[in-house]
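Enquirer:
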Amino acid sequence: MHSGIVSPPGIWWKPAGRQEKIWVTIALVWCLIMFAMMPLWHLRGGQNPTGVRSKVEPAAFVARVNRFVDEYKVGEEQGLPVVAPPPGGHVYLLARMWQWYPVLKLQKGVTYTFHVSSSDLNHGFSLNPVNINLQIVPGYDYALKMTPTEAGDLRIICNEFCGIGHHIMIGKVLVTDGASSAGAAPDAPAPNVLTAEVRHD
Ligand SMILES: [Cu+2]
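When we follow this note's numbering, the leftmost residue of the sequence shown carries the number -2, and every step to the right adds one.
Structural data, given as structure tokens:
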């Protein structure tokens, strides 16, 4: 029997053996590498979209999104407006339980200022198959310069659990080829290989 007072029988007090020292050293070195990666990745990795961020009242953001939809709506898809903003303009996307509003139609090779916020609670913006991830927080307008580099049909997946409808919270971004965008049908076949880059200016 042993307790917190009576120490258990064992050999824990013997000096660490060679192998144990090697393993502890490897683990320590790896920890230090990972630790160094944090500042390194921030400065060199291009992983931190340092966009313009500002505070915004959720209701004001909703109003801005609605104005954006009214101005540039070009169609409808499954009850959601499809909005094609002018090239180089501002794009507004609202995350709310449980949809991404509206459907965006963008042009390849054009840089947009992309604003995204939430009107209720935290959501996660994950653009697939492009690897862009952002946390969407109500009260903050997260603005990024974004340039679609390939035409196609992208999905926005919510990757922050936001309630019972979380799994159906899937949005859509259509990227059209600049030249043929004018008369392109929304269901025109699109290549399935997509990339986009986030700029940090
Ligand atoms: Cu969610």
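Note that beta-carbon positions come from the ideal geometry of N, C-alpha and C, so glycine has one too.
Computed from a predicted structure; not experimentally measured.
For ligand 1, is there any heavy atom lying closer than 7 Å to the beta carbon of E68?
Expert: Not so, every heavy atom of ligand 1 lies at least 7 Å from the Cβ.
Enquirer: CB-CB under 7 Å to D174, same chain, minus the five flanking residues each way: which ones, in chain order?
Expert: Answer for D174: K105 and A148, listed in chain order.
Enquirer: Beta carbon of E157: closer than 7 Å to some heavy atom of ligand 1?
Expert: For ligand 1, at least one heavy atom lies less than 7 Å from the Cβ of E157.
Enquirer: Which residue spans inside the segment 42 to 103 form an unbroken beta strand (DSSP E) run of at least 3?
Expert: Within the segment 42 to 103, the complete beta strand (DSSP E) runs of at least 3 residues are 49 to 52, 70 to 74, 77 to 80, 87 to 93 and 96 to 98.
Enquirer: Please give me, in chain order, every unbroken run of the beta strand (DSSP E) with length at least 3 that falls completely inside the segment 106 to 143.
Expert: Those beta strand (DSSP E) runs which fall completely within the segment 106 to 143 and span 3+ residues are 109 to 115, 120 to 125 and 129 to 133.
Enquirer: How about H39: is its Cβ closer than 7 Å to a heavy atom in ligand 1?
Expert: Not under cutoff, so the answer is no.
Enquirer: Going by C-alpha to C-alpha distance, which of P135, I129 and R64 sits closest to P145?
Expert: Measuring from the Cα of P145, the nearest candidate turns out to be I129.
Enquirer: Helix, strand or coil for P186? Go by DSSP, reduced to three states.
Expert: Because P186 carries a pLDDT of 40, less than 50, the predicted location of this residue cannot be relied on, and the following value inherits that uncertainty. Correct three-state label for P186: coil.
Enquirer: For K18, count neighbouring Cβ atoms within 10 angstroms of its own Cβ and tell me buried if that reaches 16, exposed if not.
Expert: Flag for K18 reads exposed.
Enquirer: What span of residues does the beta strand (DSSP E) with D199 cover, start to end?
Expert: The requested residue 199 does not occur in the structure, where the chain is confined to residues -2 to 198.
Enquirer: Are the Cβ atoms of I133 and H112 separated by less than 8 Å?
Expert: Cβ distance not < 8 Å, so I133 and H112 don't count as in contact.
Enquirer: Are the beta-carbon atoms belonging to C155 and M143 less than 8 Å from one another?
Expert: No; because the gap between Cβ atoms is not below 8 Å, this pair is not in contact.
Enquirer: Closer than 7 Å: is that where the CB of H163 sits relative to any heavy atom of ligand 1?
Expert: Flag set: Cβ of H163 near ligand 1.
Enquirer: Does the distance from the C-beta atom of V71 to that of S116 stay below 8 Å?
Expert: No, these two residues do not count as a Cβ contact at 8 Å.
Enquirer: Closer than 7 Å by C-beta to G136: which residues in its own chain qualify, once you throw out the five before and the five after it? Chain order, please.
Expert: Hits under 7 Å: K52, V53 and P55.
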